[in-house]
């Protein structure tokens, strides 16, 4: 009986007919994981590029505007739906546009801010209106300068 079991196991061990299917079955989850990871990585890179482009365009348009009011700023931020297409802007993000300037003998301050988008959990990294601006180390603003900062948060 033991010899019969030994020969059956030996015969099965030497079979090579289903090896390719077995290898495919063992490696398919790994291949599928790598495939979906590459799709998600590509999507992430695309979203990052869209956000970078949108942030630059908002800051550029605001900086070049001759006059600004709340309606103009709302129109600029609502146009981000087209820039972020095919991703949704309004429901998943927040853009904060800030003007920072410095008067003689004073520190740089946030003069005004405009927020767009539905996500309200983010605040400006540069501070609140009227408060001293929290600028990066080594970044200074001259008395004659006024800078426009656009921040984009996407969830």
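Numbering (the numbering used here), first residue to last: 166 to 320. Heads up, the beta-carbon is just placed ideally off N, CA and C, and yes, glycines get one too.
Residue i lies in the beta strand (DSSP E); which residues open and close that run?
i           : result
residue 313 : 311 to 319
residue 259 : 258 to 266
residue 278 : 274 to 281
Would you mind reading off the limits of the alpha helix (DSSP H) that contains residue i?
i           : result
residue 222 : 184 to 229
residue 247 : 245 to 248
Compare the Cα-Cα distances from residue i to each of the options and report the closest residue.
i           : options            : result
residue 306 : 293, 223, 274, 195 : 274
residue 295 : 281, 303, 302, 268 : 268
residue 234 : 262, 298, 308, 304 : 262
residue 316 : 175, 210, 183, 291 : 291
residue 281 : 196, 259, 231      : 259
residue 245 : 224, 232, 230, 231 : 224
How long is the line joining the alpha carbons of residue i and residue j, rounded to whole angstroms?
i           : j           : result
residue 312 : residue 266 : 6 Å
residue 322 : residue 186 : For residue 322 there is no data in the structure shown, the boundaries of the chain being 166 and 320.
residue 319 : residue 254 : 8 Å
residue 271 : residue 217 : 32 Å
residue 204 : residue 195 : 14 Å
residue 303 : residue 228 : 22 Å
residue 200 : residue 211 : 17 Å
residue 209 : residue 202 : 10 Å
residue 314 : residue 198 : 40 Å
Is residue i close to chain B, meaning its C-beta is less than 7 Å from at least one C-beta of that chain?
i           : result
residue 174 : Here chain B cannot be found, since the structure has a single protein chain.
What does residue i pair with, by DSSP beta-bridge criteria?
i           : result
residue 297 : 274
Self-check item: Meets three-Cβ-pair contact criterion under 8 Å: the segment 233 to 240 and the segment 283 to 290
Solution: Flag = no, the segment 233 to 240 and the segment 283 to 290 do not touch.
Quiz item: Are the segment 202 to 218 and the segment 244 to 258 in contact at 8 Å, needing three or more beta carbon pairs?
Solution: Taking 8 Å as the limit for Cβ pairs, the verdict is that the segment 244 to 258 does touch the segment 202 to 218.
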